[in-house]
Each structure stands twice: as C-alpha cells, then as structure tokens.
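Under my numbering, think of the first position of the sequence shown as -6, with each following residue one higher. Reviewing the structure listed below.
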Amino acid sequence: MELQLTRYDSKNPTITMPVNTPKLFSTLLFCLLCITACDAPQAGKEASTPRLATPTGMAEYLKNIPAVKKVQPWSDEYAPGITITTEHYDIHTTLLDPLMLRQVPGFMESAYRGYQKQLPEPIDTKTRLTIYLFGTRQEWEEFTKKFVGRQWHHYLKIRKGAYYLNGACVAYNIGRKKTFGVLAHEGWHQFNSRHFTYRLPSWLDEGIATLFETFRYRNGTFYFEPAKNGGRLGGLRKTILTDNMIPLRELIGLNPGYVIDDSESVLAFYSQAYALVRFLREEDYGKRLGNYQNLLMAGLRGKWPLAPAFRRIAADRNIPLTGRFNAFVSAKLFKLYIGRDIEQIESEYIAFCKKSVYRVRLAK
C-alpha cells in the first residue's frame, strides 16, 4: 500500500510525494511515545516545586533572599501563612504576594538601620521584634478583636493603616508603598518602646515616625527620604495657608490621642511634628542636631533629670500616659535639651516650615 502525503515548501508550495505506509506508522508510534514520556511528571521534580500560592511554596521562594535567615509555614487560624525571620524581626504574614514579600525583609532591616541612625551611636540589640502583616482587612480585624482585648473597637476605626501594641506591629495590605510606609512608621514606635528606658513625648515620637513614611528603592537597597514626604508636606502647606498653625508651646505639649478631636487639628499636629523633627535635625546645617540626639540618648538610657515620680511614670509603660503628664514633661525636656528661648526657636521653626513647603502645590 502506498500513501500520498503533502509537504509545505516555501519555494514549491505543494509537493506530493509517495511514502511507505508501514515505515510511516512505525515512525509516528515512536514519536508519540517520546511525546508522552516528555509530558509525564518527572519523579521528585514537579512534585517538589510547590506553587507560590501556598505557604510552603512561598517559603521555598523566599528562603535564599539575602535579608532572610529562615522561612517556615505559620499556623494561623485566620488564613494560611508563613513566618519570615530576619536579623531583627519575626514577620508573621498571610500575605502571599511574591513581589511584596521579596522586599519586606530588606525593607524592615533598612528601617531598623534608619532607627539606629537617629542616635549618635548604634545600640546593641538582641531580641527580635514581632510584625503581623495580614493579606486582607478582614483577617486584620479578626486578629485585632482578639489581640487588643476590650478596646478593639477603637482600633477598627483605623481606616487604612496599622498600629503598635503589646510589643507588636499589626498591619494589612493596603498597597506596596502605603503598607511599607505604615510598617516603618509603627516600626519606630516599636523600636523605641522596646529599647528606650523612657517613653518619648508625643511630638518627638510621632515626628520621628513620619521620617520613615517615604522611601525609594534602588539596586536592592531602600533609602528613606523625609524631605519628599508629600503627605506631610501637603498637610503642612494646608495648615499654613489656612492659618491653622499650632503654637510651638502648645505643639510640644499635645498628645493627639487625648487632646485632638477634629481632622484639621490632627493634620496640623502630625505635619508640624514632622517639620519640627526635621527642623531640629537639618536647620542651619544641623546646629541643633546635637541637642536633639542628647534628648534621645538620655531617654534611651534613663537619664532625664525628672523627679522620681515622673521618672517612674515615664519608664512604666503599663501606666497610662495622660495628656497632663505629657504636656508637663515635654515642656521641661524641651527647655533643658533644645533651648529656653521658645519665641526665638519658634520664629526659626516657622521660617523653616514655610521654606519647606514653598514649592508644594495642593491638589484642587
């Protein structure tokens, strides 16, 4: 039996040629067996390469990243997750976004180095800090209800952000930049709460935290850029234009959690605290940087010259920090470490604020 096959050729589009049938079937059978063998799963290969959508697969994917020391599945009642261990953090997460998780370990270690740079010399730390990063708002809310206790409903008022409580930062995915920004912000609160002997005045604590909200990523390294924090600069610009600036004496005594009720005052406090910390670090080639760092180092080491009763309250984080205590201690420390001539400092501070937002344009 002879079979006619058609072959395509670019020069002679259709050529008919005779083919020996038995040889053809033998060849087809051999090719079919080869294709079947290639398609079959290879023992120990496909089965040992888990998908990234699973905790096991994500752990395998992340294990060789430079900042990562260990990755393992995390047993969580809200969703499957993993625990990423770095030099300074244990990061428990249900977020299984490979692009974000590849950067989280290095980002938090960069933030940790940034926290250290607020001090004139680095401190030696041993215990890792804890972060909970959830993939969804629902998981975050369910965790918060159990983690916080009776006050959980106050924390659920946080619309897009994170919080620090009981030694841990708790956040959920609100997009890469915003998630990283709130982690670094709350990470500062966590860092100083763990390592400082005394609790910092609110303006100082919140002002430093805002320095870590804006960053850039280049060649595998994160760089924090406080001068490009559009959110705080925009808030400061609006505060100045609406003549809503908080006087310096009042600003250093405020506790936003106890005193401020309206959104405009919250905007003014955070943007001005951000500007005040930058002013102390940067203005006139950093002429007050030493004063600023001495204030921090004394708080770190428990050396603030306060009466025994105030030292006890400043050191014991189980004692509620009242607005009255914050106002008294803040004013005293500011005079001791920064300067007694508040009017002169305020004049320079306002000039710095106006200079900082000169080129900022608000969206209409």
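Think of the CB as a built atom: it goes at the ideal place given N, C-alpha and C, for glycine as much as any other residue. None of these values were measured; they are calculated from a predicted model.
- A residue is called buried when at least 16 other Cβ atoms come within 10 angstroms of its Cβ; Val350 meets this threshold and is buried.
- Of the other Cβ atoms in all chains shown, fewer than 16 fall within 10 Å of the Cβ of His146; this residue is therefore exposed.
- If only uninterrupted alpha helix (DSSP H) runs of at least 4 residues are considered, those enclosed by the stretch 78 to 159 are 91 to 109, 130 to 141, 145 to 148.
- If you look at Arg211, you'll find it isn't in any alpha helix (DSSP H); it sits in the beta strand (DSSP E) that goes 208 to 211.
- Membership of Lys63 in the beta strand (DSSP E) is indicated by the continuous run 63 to 67.
- When Cβ pairs closer than 8 Å are counted between the two stretches, the stretch 291 to 299 is seen to touch the stretch 190 to 199, the count reaching three or more.
- About 25 Å separates the CB atoms of Met290 and Leu176; that is not less than 8 Å, and the two are not in contact.
- For Ser264 against Thr232, the beta-carbon gap comes to about 6 Å, under 8 Å, which counts as contact.
- The DSSP-derived three-state label of Tyr285 is helix.
- Taken through DSSP and simplified to helix, strand or coil, Gly74 comes out as strand.
- Annotation: the continuous beta strand (DSSP E) that includes Tyr165 extends over 161 to 165.
- Here the stretch 118 to 138 makes contact with the stretch 157 to 164; the two share three or more CB pairs at distances below 8 Å.
- 8 Å or more divides the Cβ of His178 from the Cβ of Thr137.
- Distance from the CA atom of Ile239 to the CA atom of Leu247, rounded to whole angstroms, is 10 Å.
- Under the DSSP assignment, Tyr267 falls in the alpha helix (DSSP H) whose first and last residues are 256 to 279.
- Between the alpha carbons of Lys119 and Glu80 lies a gap of roughly 9 Å.
- According to the DSSP assignment, Tyr54 belongs to the alpha helix (DSSP H) that extends over 48 to 55.
- Shown here, Tyr351 sits in coil according to DSSP, grouped into three states, outside any helix or strand.
- When DSSP reads this structure, Tyr216 sits in a beta bridge with Arg209.
- Ala60 has its alpha-carbon roughly 5 Å from the corresponding atom of Gly99.
- By the Cβ test, the stretch 208 to 224 is not in contact with the stretch 318 to 337, since fewer than three Cβ pairs between them sit closer than 8 Å.
- Considering only Pro313, Phe327, Tyr278, the residue with the shortest C-alpha distance to Phe345 is Tyr278.
- Sequence-distant partners of Glu339 (beyond 5 residues in either direction) whose C-beta falls short of 6 Å from its own C-beta, in its chain, are Leu241.
- In the three-state reduction of the DSSP assignment, Met290 falls in the helix class, which pools H, G and I.
- Here Ser68 is exposed, its C-beta having fewer than 16 other C-beta atoms within 10 Å.
- When C-beta atoms of the stretch 300 to 315 are compared with those of the stretch 280 to 288, fewer than three pairs fall below 8 Å, so the two segments do not count as touching.
- Tyr267 is not a Cβ neighbour of Arg230, given a cutoff of 8 Å.
- Here the alpha carbon of Phe173 sits roughly 11 Å from the alpha carbon of Ser103.
- By the neighbour-count definition (other C-beta atoms within 10 Å, threshold 16), Ala302 is an exposed residue.
- DSSP, read as helix, strand or coil, puts Pro194 in coil.
- In the DSSP annotation of this structure, the continuous segment of the alpha helix (DSSP H) that includes Trp181 starts and ends at 169 to 188.
- Straight-line spacing of the CA atoms in Lys328 and Gly200 works out to 18 Å.
- Distance between Leu197 and Gly228, taken at the CA atoms: about 18 Å.
- The continuous alpha helix (DSSP H) containing Leu244 extends over residues 241 to 244.
- Under the three-state reduction of DSSP output, Ile306 falls in the helix class.
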